[in-house]
Each structure stands twice: as structure tokens, then as C-alpha cells.
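Quick notes on the structure that follows.
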Amino acid sequence: MPEGESERTIAECFDCGSAYAAKKWPDGTIQPIGTRNGCQCGSTEFQTVGKASATVLREGQSD
Ligand SMILES: [Zn+2]
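Just so you know, we're using the numbering used here here: the sequence shown kicks off at 498 and counts up by one.
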């Protein structure tokens, strides 16, 4: 499976706020690494978290 199709990011659980290393796919899917069953709290909804850097990842927000 070729790399480069997804980008590494940080995903934060919508429910409890736990952060995980994750992959973000071109279609917008966010897949936390090592947590196939979702968050430890049981949630499977995640949002990407912008690291504290000059790059602000706000493109793609739908609202
Ligand atoms: Zn959670």
C-alpha cells in the first residue's frame, strides 16, 4: 500500500477531547492510528486538531 495518500495529523475526540495520532485521507476520512474501535470513551467521532504552528488548517470547514 503506497504511502503519501494520507497525511499524518492529530485527531481529537469530539466527546472527551482525547487526542490521537491519526491519518487524514483525501476524502476527508480521519482514522486514528492504533484505535480501530474509536476513542477510549467509546466515541468514534473525531476532528482534526491544528498543531500550534504557522499553518492553520481551517480549509474544508463546512460552516
Ligand atoms: Zn473520547
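Every residue gets a Cβ at the ideal spot worked out from N, C-alpha and C, and that includes glycine.
Check your understanding: Three-state secondary structure (DSSP) at Gly514?
Key -> Per DSSP, reduced to three states, the secondary structure at Gly514 is coil, with no helix or strand assignment.
Point to revise | Coarse secondary structure for Thr541, derived from DSSP in three states | key: coil
Check your understanding: Could you give the distance in angstroms between the alpha-carbon of Thr552 and the alpha-carbon of Gly539?
Key -> Its pLDDT being 48, under 50, Thr552 is placed unreliably by the model, and the measurement read from it follows with that caveat. Using only the alpha carbons, I get a separation of about 31 Å.
Practice item. Evaluate Thr526 with the Cβ neighbour count: other Cβ atoms within 10 Å of its Cβ, from every protein chain shown; 16 or more gives buried, anything less gives exposed. Key: Exposed, because fewer than 16 other Cβ atoms sit within 10 Å of the Cβ of Thr526.
Check your understanding: For the candidate residues Lys521, Arg505, Phe511, whose alpha-carbon lies nearest to that of Thr541?
Key -> Phe511
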